[in-house]
Amino acid sequence: MNKIKNIHFVGVKGVGMAPLAIIAKEAGFKVTGCDIDEEFITDISLKNANINFSVGFFKDHIKDENLVITTGAHGGLKNIEVLEAKRKGIPVWTQGQAVGEYMKGNLFKRKFIGISVAGSHGKTTTTAMIATIFAENNLDPSFLIGAGSVPSLGAPGHFGRGKYFICEADEYATDPELDLTPKFLWQNPKIEVFTNIEFDHPDIYKSVGEIREDFLRFANKIPKDGILIAGGDDKQIKGLLKDYSGAKITFGFSPVNDYVLEKARCEDGKMFFWVSSKGTSLGEFSLNIIGDFNISNALASIIVGVEAGLSFENIKKAIGKYNGSKRRFEFVGSLKTGAKVFDDYAHHPTEIKRTLSAIRKNNSKSKIVCIFQPHTYSRTKALFSDFVTSFYDADTVILMAIYPSLREEKDSTVSSELLAQKISQTHRGVLFLPDESSVVEYIDQKKYDDNTIIITMGAGDVYKISEKLDFR
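All the letters of the sequence shown, read from the start, carry residue numbers 4 to 475 under our numbering.
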């Protein structure tokens, strides 16, 4: 570790890779990288961190590096630059392994207290909330958040002077071809947060039971003086907790939880909620983003703050500074015709339902236009029937062609056209518009007024539609 001075990032623009590069840069390492020539949501954060990268993947990019860190995309461990690094005897870490090594602190000659946030949904938001609470309380944490940016924090990655390392913990495979180890098993935190567990990643997992087992394996890595903070309303987490013998704190709306959400209401684009614990009221909190799922994420973050020794008053002030993350119900702007445009990363049926429901509750009289780009053939196929019932709260549903993953081949047995046909059997106003240009043309023609909310959804490049729209 002491010999590492130069680190090269293969696929540096990925949302899991860019924060790693930014942390390394802030820690004093020479950072180089490469990626495809395509605009991505991390571009601005990398530019602000003065991290330059080459376009494409070539052997001659591997020069005087002491360490190479690679994404699971672009060939992963089979990438030409990774193979060249191995040929030269240069150590190679995968993204998941690198997060674990960063948390250990040996690379930085530091010792961290690790805080890992796992869950099928909400881990990016919850990680950002925790980091915001800690930063606002002058703890200067190091953090790694899988987003393009976080307004309350700036960049999605930071090398802090404090003792805490806060990061997302992803259950996806280290390398989908060569190493199926769940990424989060590389981490060794003292505090773990589980928001929820649902079936996802059908290219890796066969059932939600398999996913729950991996979450249990992760929970069992918590040391005896550590704690698991778990969403107690979630069916799969309830099952997991029966098999988990370590210290735990549960949270949620049910009164059987250790921390309970009460009197939640949405007003003027904010959420207000009361928290109680063991029959004692801890007061009212407010959040600058909407959705019951987000106040659940906030409660998990509040508990982490308590475990770190922060007062409720200081936590309350700090959580009020959180204003969302890039591509998490992000307000993009208002069109010249009046319609408000938002963008969200939702790509799972549950996420779609929750986000649209939150919008409807806060905008009961507005017309909601949802532009959804399914992400991966395998997910669309495995969760097809769930997607069909996900758009109840949208007045108009526009489905774009499936955004394929670089890790899978086309599956002709599933398509957005088929999904649109199925949804249209029970839902009016469903359209299939395959690409960005056709969607933009449609919106321009409709001239949606200020009583309309347009939201782009998906984990692909659907957010780029906003770049072609005519804003005020």
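We put the beta carbon where it would ideally sit given N, CA and C, even for glycine.
In the three-state reduction of the DSSP assignment, P185 falls in the strand class. Our two residues, L285 and W277, have alpha carbons roughly 7 Å apart in a direct line. Between F296 and S427, the alpha-carbon positions lie close to 28 Å from each other.
Counting every other CB atom within 10 Å of its CB across the protein chains shown gives D473 a total below 16, marking it as exposed. With at least 16 other beta carbons inside 10 angstroms of its own, N82 counts as buried. Bridge partners of Y167 according to DSSP: I116. Under DSSP, the beta-bridge partners assigned to E287 are W277. Within the same chain, V344, F345, D346, S469 come within 7 Å of V335 by CB-CB distance, once the 5 residues on both sides are set aside. Taken atom to atom, the span from the alpha-carbon of S388 to that of H351 is near 12 Å. Residue pairing by DSSP places R475 opposite no residue, since no beta bridge is assigned to it.
For Y406, same chain residues with a beta-carbon under 8 Å away, outside a window of 5 residues either side, are Q376, P377, H378, T379, G461, A462, G463, D464, V465 in chain order.
Within the stretch 57-140, the runs of beta strand (DSSP E) at least 3 residues long that lie entirely inside it are, in chain order, 70-73, 95-97, 116-121.
The Cβ atoms of I200 and I230 do not sit closer than 7 Å to each other. According to the DSSP assignment, N9 belongs to the beta strand (DSSP E) that extends over 9-13. Put simply, the stretch 296-316 does not touch the stretch 438-447. Fewer than three CB pairs are less than 8 Å apart.
In the same chain as A423, and ignoring 5 residues on each side of it, the C-beta atoms closer than 6 Å to its own belong to L402, V433, F435, in chain order. Of N300, V71, Y247, the smallest CA-CA separation from A222 is found for Y247. Residue pairing from DSSP places R268 in a beta bridge opposite F275. Between the alpha carbons of T128 and D40 lies a gap of roughly 28 Å. Put simply, the backbone Cα of P226 is about 28 Å away from that of H204. Boundaries of the alpha helix (DSSP H) harbouring I298: 295-310, taken from the DSSP string. Taken through DSSP and simplified to helix, strand or coil, E174 comes out as coil. Non-local beta-carbon contacts of L386 in its own chain, meaning distances under 6 Å to residues more than five positions away in sequence, involve P352 in chain order.
The C-beta distance from I25 to G108 rounds to 17 Å, too long to fall under 8 Å, and the pair is not in contact. Taken through DSSP and simplified to helix, strand or coil, E333 comes out as strand. In this structure, the CA atom of K425 is about 11 Å from the CA atom of R431.
CA-to-CA, the gap between G17 and L244 works out to about 33 Å.
Scanning I148, R113, F202 for the CA closest to the CA of K166 turns up R113.
Taking C-beta atoms as the reference points, I133 and S304 count as a pair closer than 7 Å. Here the stretch 170-185 makes contact with the stretch 73-80; the two share three or more CB pairs at distances below 8 Å.
At the C-beta level, V13 and E84 come within 7 Å of one another. If only complete runs of 4 or more residues are kept, the stretch 321-406 shows the alpha helix (DSSP H) at 352-365, 380-385, 387-391, in order along the chain.
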